[in-house]
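Shown next, in structure tokens, is the structure this report addresses.
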Amino acid sequence: MNPSSYEGTVVISCDQTVTPESIICKILGAESLPDAVSTDCGINGYQWSFSNKYYSSKVNLYVLKEKANLDSAFVNNIKALIIYFESQEQSCFEKIESWFPTLINIDAEVKLLVCSYCLDDDSKAVHKRKDILQWCVEHEYELVELNPFPENDDEGEINQNPQGYERVSEALQSHTWANLVLLEERFAAKGSSKEGEDTEESNLDTSEKSSYAAVAATSTVVKKEVTSEQKENKNLIVIEDEELERYC
Numbered sequence: 001m002n003p004s005s006y007e008g009t010v011v012i013s014c015d016q017t018v019t020p021e022s023i024i025c026k027i028l029g030a031e032s033l034p035d036a037v038s039t040d041c042g043i044n045g046y047q048w049s050f051s052n053k054y055y056s057s058k059v060n061l062y063v064l065k066e067k068a069n070l071d072s073a074f075v076n077n078i079k080a081l082i083i084y085f086e087s088q089e090q091s092c093f094e095k096i097e098s099w100f101p102t103l104i105n106i107d108a109e110v111k112l113l114v115c116s117y118c119l120d121d122d123s124k125a126v127h128k129r130k131d132i133l134q135w136c137v138e139h140e141y142e143l144v145e146l147n148p149f150p151e152n153d154d155e156g157e158i159n160q161n162p163q164g165y166e167r168v169s170e171a172l173q174s175h176t177w178a179n180l181v182l183l184e185e186r187f188a189a190k191g192s193s194k195e196g197e198d199t200e201e202s203n204l205d206t207s208e209k210s211s212y213a214a215v216a217a218t219s220t221v222v223k224k225e226v227t228s229e230q231k232e233n234k235n236l237i238v239i240e241d242e243e244l245e246r247y248c
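Numbered by the UniProt record's numbering, the letters in the sequence shown go through residues 1 to 248 in order.
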């Protein structure tokens, strides 16, 4: 498969001090970017190969810096959005929403709003954390703080759940990417228990693989951060972990 045809994630920064390239480096766990993957519409992407205990996949992380009409083929391949912003900038919401006309045709299943931190009850806060969370609920984004303050911890969740770029990576891996490859050892339980015997992956029909992939992806999702403010909002959906073993 041509790397430029891989599904991918668009990365945008509304903060001049943080570039999309630096965000991608953090996701890749690299000090510098690899060779770029060019698209027909001239947008550069960087391949991210990852694996977890359920599957492996390759996706492209695209740098988007200009607000312009996007090629339909490119749009159809985008399954996740990451928007970085400065939470204490007066016009941060206006800057974020200025990208909406460009992104309007992207049907992303993973949408992350990322910042360094949010302020809660600080009287000097330009935008309080509860107001940013409310914006996220209304626009179906997940807020990810890279350096959350301990006072923002709700019932110990900062210590229990992945935070920062670890959460960004986890959220991206929760999507069922089209080119994912299920790890063979996960299918061993369906065959003989004898050591060294081939797995039965080849015997699984397409529908069973699809079902397994969906559950495997869902099981990587940890409960999104739920604060007392979010709990009162009926529109918030919390994803519970699934029991993977029943599919083996």
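Glycine included, C-beta positions come from ideal geometry on N, C-alpha and C.
Run through DSSP, which three-state label would residue i get?
| i | result |
| --- | --- |
| Leu-103 | helix |
| Ser-202 | Confidence at Ser-202 is low in this model, with a pLDDT of 41, below 50, so its placement is unreliable and no value can be given for it. |
| Gly-42 | coil |
| Lys-65 | coil |
| Gln-88 | coil |
| Cys-136 | helix |
| Gln-47 | strand |
| Lys-79 | strand |
| Ser-116 | coil |
| Val-18 | coil |
| Glu-145 | strand |
| Leu-70 | coil |
| Asn-235 | Unreliable positioning characterises Asn-235 in this predicted model, as indicated by a pLDDT of 43, which lies under 50. The coordinate reading is nonetheless provided below. Coil, per DSSP. |
Around the Cβ of residue i, are there at least 16 other Cβ atoms within 10 angstroms (buried) or fewer (exposed)?
| i | result |
| --- | --- |
| Gly-8 | buried |
| Val-181 | exposed |
| Ile-12 | buried |
| Thr-17 | exposed |
| Ser-98 | exposed |
| Cys-41 | exposed |
| Ser-174 | buried |
| Glu-86 | buried |
| Ser-57 | buried |
| Gly-29 | exposed |
What's the C-alpha gap between residue i and residue j?
| i | j | result |
| --- | --- | --- |
| Asn-77 | Gln-88 | 33 Å |
| Glu-21 | Leu-33 | 8 Å |
| Ile-43 | Phe-74 | 9 Å |
| Tyr-84 | Val-144 | 9 Å |
| Val-137 | Leu-183 | 35 Å |
| Leu-70 | Leu-119 | 35 Å |
Using 7 Å as the threshold, is the C-beta distance between residue i and residue j below it?
| i | j | result |
| --- | --- | --- |
| Ala-108 | Lys-79 | yes |
| Trp-177 | Val-63 | no |
| Tyr-117 | Phe-93 | no |
| Lys-95 | Cys-14 | yes |
| Ser-91 | Thr-39 | no |
| Ile-24 | Tyr-46 | yes |
| Lys-26 | Tyr-165 | yes |
Could you pull out every residue in the same chain whose Cβ sits closer than 7 Å to the Cβ of residue i, ignoring the five residues on either side in sequence?
| i | result |
| --- | --- |
| Glu-140 | Lys-111 |
| Ala-68 | Thr-102 |
| Ala-171 | Val-110, Leu-112 and Glu-142 |
| Arg-129 | Cys-118, Leu-119, Asp-120 and Asn-152 |
Leaving aside the five residues before and after residue i along the sequence, list all residues of the same chain whose C-beta is less than 6 Å from its C-beta, in chain order.
| i | result |
| --- | --- |
| Ile-106 | Val-75 and Ile-78 |
| Arg-167 | Val-144 |
| Leu-81 | Val-10, Ala-108 and Lys-111 |
| Ser-49 | Lys-58 |
Can you find a C-beta in chain B that's less than 7 Å from the C-beta of residue i?
| i | result |
| --- | --- |
| Val-59 | The structure shown contains no chain B; it holds only a single protein chain. |
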